[in-house]
Amino acid sequence: MTMISVNEFKNGLTIEHNNDLWRIVEFQHVKPGKGSAFVRSKLKSLRTGAVQDYTFRSTEKVNTADIQTKPMQYLYNDGANYVFMDMNTYEQLEIPNSEVERESKFLKENMEVNVIMHESETLGIDLPNTVDLEVAETEPGIRGDTSSGGGKPATMETGLVVNVPFFINAGDILTINTSDGSYVSRANK
C-alpha cells in the first residue's frame with residue numbers, strides 16, 4: 076500500500092477510502108479565489124458499483140489499493156455461481172450471480188475475461204470492450220432499409236436485448252459494446 080497525495084489522482088486509479096475500494100472515475104483540481112484548493116472527484120465503489128461524489132482537501136493523502144487482474148476463462152453457470160478457470164493453474168473460481176449481474180449478459184462459454192481481485196477478495200470481472208453475440212430472435216429484416224436511422228429490438232443468445240438496425244436478422248453475429256450494451260456492427264466472421 077502506498078500513500079499518495081490527492082493532487083496525484085488519475086482516472087482509473089484505485090484507492091482505499093472510508094473502508095472501501097474506489098476507482099477514480101473523474102476528478103477536478105479546484106483553486107477558488109478565496110480559501111484553500113481542493114480536489115472534487117467522482118468515485119466508483121469496486122464492491123457495490125455505487126458512484127459517489129467526494130471532495131478532498133488538497134493536503135490530504137490516501138492509500139492506493141493493490142488490485143490484481145487475473146486472466147480467466149468463463150466455463151459455465153451452475154445456477155447460483157459463474158465458474159471461471161485460471162488459465163495457468165487450472166484452478167476454478169466461483170463468483171455468485173449477484174456479483175456479475177450486469178456482466179452476465181455478455182458472457183459466453185470459453186470466453187476470456189479479467190477477474191479483478193484485492194488480496195484474496197474477488198471484486199468482479201473486466202469484460203473486453205466488445206463481444207460478438209448471435210441474434211437469437213428479432214423481427215424479420217426489412218428489404219432495402221439499410222440506413223434509415225431507425226431500429227428494432229433484438230434478443231441476443233445471452234438474453235441481452237439490443238436496439239439494432241432494421242436489416243439485422245436472427246442468426247446474424249453482431250459486435251456489441253460491453254460498456255453500454257449498444258450495437259456496434261456486424262461481426263466479421
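All the letters of the sequence shown, read from the start, carry residue numbers 76 to 264 under our numbering. Yeah, the Cβ is synthetic: ideal placement off N, Cα and C, and Gly gets one too. Being a predicted model, the structure only gives us computed values, none of them experimental.
Could you pull the DSSP bridge partners for Ala-229 from this structure?
Thr-213 and Val-237
Would Tyr-157 be called buried (16 or more neighbouring beta carbons within 10 Å of its own) or exposed?
buried
DSSP on Phe-181, reduced to helix/strand/coil?
helix
Could you tell me whether the segment 136-149 touches the segment 88-97, using the rule of 3 or more Cβ pairs below 8 Å?
yes
Out of Gly-246, Tyr-258, Pro-215 and Ser-254, point me to the one whose CA is closest to Val-236's CA.
Tyr-258
Roughly how many whole angstroms lie between the Cα atoms of Met-192 and Lys-106?
Going from the Cα of Met-192 to the Cα of Lys-106 covers about 36 Å.
If you follow the beta strand (DSSP E) that Val-86 is part of, which residue opens it and which one closes it?
A quick correction: the sequence has Asn, not Val, at residue 86. That residue, Asn-86, is in no beta strand (DSSP E); it is neither H nor E in DSSP.
Taking C-beta to C-beta, are Gln-127 and Glu-187 nearer than 7 Å?
no
If you run the structure through DSSP and keep just helix, strand and coil, what is Asn-204?
coil
Less than 7 Å separating the beta-carbons of Val-100 and Phe-131?
no
According to DSSP, is Glu-174 part of a helix, a strand, or is it coil?
helix
I'd like the list of long-range same chain contacts for Thr-197, defined as Cβ closer than 8 Å, with 5 residues on each side in sequence excluded.
Leu-168, Ile-170, Glu-174, Val-190 and Ile-191
Tell me the residue span of the beta strand (DSSP E) that contains Met-160.
First-last of the beta strand (DSSP E) with Met-160: 156-161.
Could you pull out every residue in the same chain whose Cβ sits closer than 7 Å to the Cβ of Pro-215, ignoring the five residues on either side in sequence?
Asn-244
I need the DSSP call for Pro-107, collapsed to helix, strand or coil.
coil
Along the chain, where does the beta strand (DSSP E) that runs through Tyr-149 open and close?
142-152
Give me the Cβ distance between Val-206 and Phe-181, rounded to the nearest whole Å; I'm assuming they're in contact under 8 Å.
5 Å
Since Leu-118 is in the beta strand (DSSP E), which residue starts that stretch and which ends it?
In the DSSP assignment, Leu-118 falls within the unbroken beta strand (DSSP E) covering 113-120.
Can you tell me which of the three DSSP states Gly-256 falls into?
coil
For Thr-164, count neighbouring C-beta atoms within 10 Å of its own C-beta (all shown protein chains included) and say buried if the count is 16 or more, exposed if not.
Answer is exposed; the Cβ neighbour count stays below 16.
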